[in-house]
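Heads up: the sequence shown begins at 1 in my numbering, then just goes up one per residue. Idealized CB from N, CA, C, for every residue including glycine. Just so you know, these numbers come straight off a predicted model, no measurement behind them.
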Amino acid sequence: MKTKVIMIASSKGGVGKSTAALGISVQLALAGESVLLCDLDFGNACLDILAGVEDRVIYTVSDAANGRCTAKEAVITDSDTGIAGLSLMPCPAGGTVIISDKEDSDSVSAGNVADAVKKAAAEIGAGYVVIDTGAGVNPITDAASDIADTVIVVASHNPISLRAAEGTVARLSEKGHGDIRLVVNSFEAEATIKRKGPRKGLLDIIDMSKAPLAGVIPYDYSLMLYHEGVGKISATSERAFRNIAYRIMGNDVPLFEGINSIRKRRKKLYQ
Ligand SMILES: Nc1ncnc2c1ncn2[C@@H]1O[C@H](COP(=O)(O)OP(=O)(O)O)[C@@H](O)[C@H]1O
Ligand SMILES: [Mg+2]
């Protein structure tokens with residue numbers, strides 16, 4: 001079976017790209033898929049920390065791209081992530097490597113990075129590659145979108161993140177990308193129903209971004225704590241990621257399936 005490459009994107013930072021990349025990857029793996037999660041945020045790499053394997057990083061994607069190790073050697077396997085089927089290709093810590101076409105030890109080319117990701121996926125036999133990207137538009141985000149079958153653009157109610165989503169979708173569409181989907185993160189059903197201030201509703205968000213919806217992740221303070229190593233992921237967040245993962249796998253899953261607190265009020269969200 002062909003490996004499916006999913007890029008998680010938004011030109012804005014702090015919207016939940018890394019959160020979604022990890023959450024969706026975990027659920028794909030729990031569904032029995034072999035998943036290579038790749039951190040391509042050369043500005044603010046974080047997935048090794050979020051996945052709790054920062055002390056397992058020996059080589060990164062940049063070492064593989066520059067030939068200092070094989071692609072496979074830059075992969076942290078599932079025996080270290082602790083989730084069967086989930087491997088991680090980490091990225092060097094924030095800003096230590098510059099993206100350029102000049103090949104030297106402090107820089108790396110976006111083309112070589114994309115090749116290293118593809119090689120690693122082939123070597124470990126990954127069914128899915130999930131690529132987390134950084135903010136902004138740069139050669140790495142372009143190279144990631146070039147190899148992605150599906151791009152998931154993450155946005156929240158926030159007008160700044162919506163503008164970023166709109167711009168990201170427009171740029172990818174101009175490049176001719178055929179499968180761009182939206183994930184609304186940090187969604188607050190109650191506030192949406194009460195429409196506090198200029199807060200956008202779900203339909204407004206979809207309208208603005210011009211991308212079909214791949215899923216909604218509710219705002220969940222415990223998710224933030226979980227990322228800081230406190231507690232467990234909540235059943236609600238887990239379900240939201242699982243719903244998105246199942247849709248990526250081609251299943252028809254109702255929007256708020258299993259998220260009963262929102263599901264029972266869903267008609268009000270669309271008014
Ligand atoms: N649904 C959510 N509910 C609450 N906090 C969230 C949610 N999604 C992300 N966060 C928090 O928002 C912050 C930014 O998320 P992150 O995934 O790092 O964004 P990005 O990768 O786009 O920069 C993190 O502290 C994260 O824990
Ligand atoms: Mg991030």
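List in chain order: all unbroken beta strand (DSSP E) runs of 3+ residues lying wholly within the segment 4 to 88.
4 to 9 and 35 to 40
Determine the burial state of residue 181: buried for a count of at least 16 other Cβ atoms within 10 Å of its Cβ, exposed for fewer.
Taking the first residue of the sequence shown as position 1, residue 181 is located at position 181. Buried, since its Cβ has 16 or more Cβ neighbours within 10 Å.
Under the criterion of a Cβ to heavy atom distance below 7 Å, does residue 221 qualify as lining ligand 1?
As a first step, residue 221 must be located in the sequence shown, where it is residue number 221. Correct: residue 221 has its Cβ closer than 7 Å to ligand 1.
Residue 67 to residue 217 span [Cα, whole Å]
On the sequence shown, position 67 is the one that residue 67 refers to. On the sequence shown, position 217 is the one that residue 217 refers to. Approximately 38 Å, taken between the alpha carbons.
Cβ neighbour criterion (16 or more within 10 Å) applied to residue 203
As a position in the sequence shown, residue 203 is number 203, starting the count at 1. Exposed, because fewer than 16 other Cβ atoms sit within 10 Å of the Cβ of residue 203.
Pick from 88, 224, 189 and 245 that is closest to residue 76, judged by C-alpha positions:
In the sequence shown, counting from the first residue as 1, residue 76 sits at position 76. Nearest C-alpha to residue 76: 88.
Please go through the segment 107 to 144 and give each complete beta strand (DSSP E) segment of 3 or more residues, from N-terminal end onward.
128 to 133
Return yes when the Cβ of residue 144 is within less than 8 Å of the Cβ of residue 1, no when it is not.
Taking the first residue of the sequence shown as 1, we reach residue 1 at position 1. Taking the first residue of the sequence shown as 1, we reach residue 144 at position 144. No, the pair does not count as a contact, with Cβ atoms beyond the cut-off.
Using CA coordinates, which residue listed in 209, 232, 211 and 214 is at the minimum distance from residue 220?
Reading the sequence shown from its first residue, position 220 is the one you call residue 220. Minimum Cα-Cα distance from residue 220 among the listed residues 209, 232, 211 and 214 corresponds to 232.
By the three-class DSSP mapping on this structure, what secondary structure does residue 98 have?
Here the question's residue 98 lines up with position 98 in the sequence shown. Strand at residue 98.
By Cβ distance below 6 Å, which residues in the same chain neighbour residue 107 in space, the five residues on each side in sequence not counted?
By one-based count along the sequence shown, residue 107 stands at place 107. Cβ neighbours of residue 107 beyond the five flanking positions: 98 and 100.
Report yes if the C-beta of residue 17 is less than 7 Å from at least one heavy atom of ligand 1; otherwise report no.
Within the sequence shown, the letter at position 17 stands for residue 17. Residue 17 Cβ: within cutoff of ligand 1.
Is the closest heavy atom of ligand 2 to the C-beta of residue 158 under 7 Å?
On the sequence shown, position 158 is the one that residue 158 refers to. Answer for residue 158: no, Cβ out of range of ligand 2.
Using CA coordinates, which residue listed in 251, 9, 94 and 155 is at the minimum distance from residue 31?
Indexing the sequence shown from 1 puts residue 31 at position 31. Nearest C-alpha to residue 31: 251.
Distance, residue 194 Cα to residue 114 Cα:
Here residue 114 corresponds to residue number 114 of the sequence shown, with the count starting at 1. Here residue 194 corresponds to residue number 194 of the sequence shown, with the count starting at 1. When rounded, the distance between both Cα atoms is 45 Å.
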